[in-house]
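Let me begin by presenting the structure, written as structure tokens, before commenting on it.
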Amino acid sequence: MTATTGEHDLDEIVERGEHLQRRLTNRHIQLIAIGGAIGTGLFMGSGKTISLAGPGVLLVYAIIGGFLFLVMRALGEVLLSNLEYKSFADVAHHLIGPWAGFFTGWTYYFCWLVTAIAEVIAITQYAQYWWPTVPLWLPAALTVVLLLALNLTTVRAFGEIEFWFSIIKIVAIIALVIVGIVLVAIGFTAPNGAVASLGNLGDPSDPIGSLFPHGFSGFTGAFQIAVFAFVGTELIGTAAAEAKDPEVTLPKAINAIPVRILLFYLGALTAIMMVTPWREVTESSPFVAMFSLAGFGLAASLVNFVVLTAAASSANSGMYSTSRMLYGLSWSGHGPAIFKRLTARSVPGPALVITCAALLLAIPLLYTTASIIEAFTVVTTVASVLFILVWIIIIVSYLRFRSVHPELHEASAFKMPGDRVAAWASIVFFIFVVWTLTQAHDTRLAVLASPLWLIAMAVAWWVHSSRAKRLNEWG
10 MTATTGEHDL DEIVERGEHL QRRLTNRHIQ LIAIGGAIGT GLFMGSGKTI SLAGPGVLLV
70 YAIIGGFLFL VMRALGEVLL SNLEYKSFAD VAHHLIGPWA GFFTGWTYYF CWLVTAIAEV
130 IAITQYAQYW WPTVPLWLPA ALTVVLLLAL NLTTVRAFGE IEFWFSIIKI VAIIALVIVG
190 IVLVAIGFTA PNGAVASLGN LGDPSDPIGS LFPHGFSGFT GAFQIAVFAF VGTELIGTAA
250 AEAKDPEVTL PKAINAIPVR ILLFYLGALT AIMMVTPWRE VTESSPFVAM FSLAGFGLAA
310 SLVNFVVLTA AASSANSGMY STSRMLYGLS WSGHGPAIFK RLTARSVPGP ALVITCAALL
370 LAIPLLYTTA SIIEAFTVVT TVASVLFILV WIIIIVSYLR FRSVHPELHE ASAFKMPGDR
430 VAAWASIVFF IFVVWTLTQA HDTRLAVLAS PLWLIAMAVA WWVHSSRAKR LNEWG
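In the numbering used here, each residue carries its 1-based index in the sequence shown increased by 9.
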């Protein structure tokens, strides 16, 4: 599909550019980027990744973060080449073809919708920690209603919510790092006799054995969990349409990703493993253990609050991204026309309402049997696999951009490092990650189930394109 195929559709994309308002300031974009890069996976899944990979977990997170930085640089270069692009679904539509925009938009919508439902369920579980007698439906319903009310005001309200959610996560992680440094500095000895020390990170006389204590299988096993912690990094691309001064704010937010990964992921994991030898780190939240060792009696409550806000942040991001994706799909002709409508405050009201209605599916799931919850877990893992496909599409769009618009690439002030070599290396890496997901039973089921979504999308596209063709023939 050539670039000219989508030029008529791009005219409509340009037409809607007057409607969405650029009200997200630099601090909003910066904190949305941070919030997208720090999910509940870090707080709840870090214990298991450490137990699988040992000190090698630092390399795992660094590698994933490095490749996602390349994905975002590729997306940033393309988005800044044409500020009428509203999301990477628009980019895929224009550079690869309408079918790619259809697939990317609806796949991303499904991914975030399922993720947001899972986060609403998680919020209910976290609320049960403090109020065990509260009916299960109440926290879920209140969460959805509150997020809808806030998102219906203005896009700036979304930015403010994410700003403060991100601040809470940042403060918690920085506090963890500081506690770890202090405990190492004073030579803290835990009740079990473990001494906080840099030596807990590995044996200098056996660096390879220390870095890969469980061999290649343990190292690759950590990718299965760690990659899910980075879901949401691409949210910057969705927020681009409503960012003030995108030429300034987007490069700043994207270029800061490596620093965030170094501080928030590698810094937190290093602090945990310095204080507690990695072999003694349990799969339960190591954040609770760290603050407990420091003598903070309310450690469990503190971490529960932080994880609850992280889940709320993810649900909020899901509501934002799905509503904007529905809005974009409707304007490109890939979704119902009703989702084109904006409220007087320039937010996609119908798209927000239908998304919130879907989020309420969390309530019946809370009352289902364990077997259905297990099935739901498989569905959320399928969504994570599909996120990887979306990242691959972003890279493929960049490669098409290089081929179709070489003049724009040459004129770009925000070129992707490594150009085509880095792009192809990223695709190979994500294929490798999908392979690692086939190595465990639960994630293997998700990988095997993923083609069902691809088949469903192929059928939906055939129906959609056939209907559009008939309408055009009828005039």
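Just so it is clear, CB atoms sit at the ideal spot from N, CA and C, and this is done for glycine as well.
- Taking C-beta atoms as the reference points, R453 and L446 count as a pair closer than 8 angstroms.
- Inclusion of L88 and L259 in the CB contact set at 8 angstroms is warranted, their separation being smaller than that value.
- Separation of the CB atoms of A125 and L368 is rounded to 6 angstroms, and the pair is thereby assigned contact status at 8 angstroms.
- Between the C-alpha atoms of A298 and Q134 there is a straight-line separation of about 20 angstroms.
- At least 8 angstroms separates the beta-carbon of A455 from that of V413.
- In the structure shown, T198 falls within a strand segment according to DSSP collapsed to helix, strand and coil.
- Assigned with DSSP and collapsed to three states, V204 falls in strand.
- The residue from A422, R333 and H450 with its alpha-carbon nearest to that of S90 is A422.
- Taking the C-beta atoms as reference points, I436 is found no nearer than 8 angstroms to I397.
- Annotation: P64 to L302 spans about 20 angstroms, alpha carbon to alpha carbon.
- No residue range can be given for L272, since it is assigned to no alpha helix (DSSP H) and is classified by DSSP as neither H nor E.
- Excluding the 5 residues flanking it on each side, S339 has same chain C-beta neighbours closer than 7 angstroms at P345, A346, F348 and K349, in chain order.
- For K261, the uninterrupted alpha helix (DSSP H) run begins and ends at P255 to N264, by DSSP.
- For Q448, the three-state secondary structure derived from DSSP is coil.
- Nearest neighbour of L317 by Cα position, chosen from I177, S96 and G106, turns out to be I177.
- In the structure shown, L61 falls within a helical segment according to DSSP collapsed to helix, strand and coil.
- Nearest to I363 by alpha-carbon distance, out of Y329, T113 and L278, is Y329.
- Fewer than three Cβ pairs drawn from the region 273-283 and the region 93-107 lie within less than 8 angstroms of each other, which leaves the two stretches out of contact.
- When the alpha-carbon of S326 is set against those of S60, V186, E128 and H103, the nearest one is in E128.
- Contact between Y118 and L335 holds: their C-beta atoms lie close to 6 angstroms from each other, under 8 angstroms.
- Taking a contact as a CB-CB distance under 8 angstroms, the pair S322 and F174 counts as one, their CB atoms being some 4 angstroms apart.
- Ranking G218, I266, A324 and G342 by CA distance to the CA of A131 puts A324 first.
- Straight across, the Cα-Cα distance linking V186 with A277 is about 6 angstroms.
- Counting every other CB atom within 10 Å of its CB across the protein chains shown gives S459 a total of 16 or more, marking it as buried.
- Taking all protein chains in view, the Cβ of R288 is surrounded by fewer than 16 other Cβ atoms within 10 Å, so the residue is classified as exposed.
- Taking C-beta atoms as the reference points, R82 and I270 fail to come closer than 8 angstroms.
- Between G230 and Q448 a beta carbon distance of about 7 angstroms is seen, short of the 8 angstroms cut, so the two are scored as contacting.
- At a Cβ-Cβ threshold of 8 angstroms, A203 and T142 do not count as neighbours.
- Here S332 is near L361, since their CB atoms are less than 8 angstroms apart.
- Around the C-beta of Q233, 16 or more other C-beta atoms lie within 10 Å, and the residue is accordingly described as buried.
- For G227 against L61, the beta-carbon gap comes to about 5 angstroms, under 8 angstroms, which counts as contact.
- Between E256 and L84, the C-beta spacing is not below 8 angstroms.
- Taking a C-beta distance under 8 angstroms as the contact criterion, W108 and W483 do not qualify as a contact pair.
- Membership of D99 in the alpha helix (DSSP H) is indicated by the continuous run F97 to L104.
- Rounded to the nearest angstrom, the gap between the Cα atoms of P267 and P144 is 42 angstroms.
- For G342, no alpha helix (DSSP H) segment is defined, and its DSSP state is neither H nor E.
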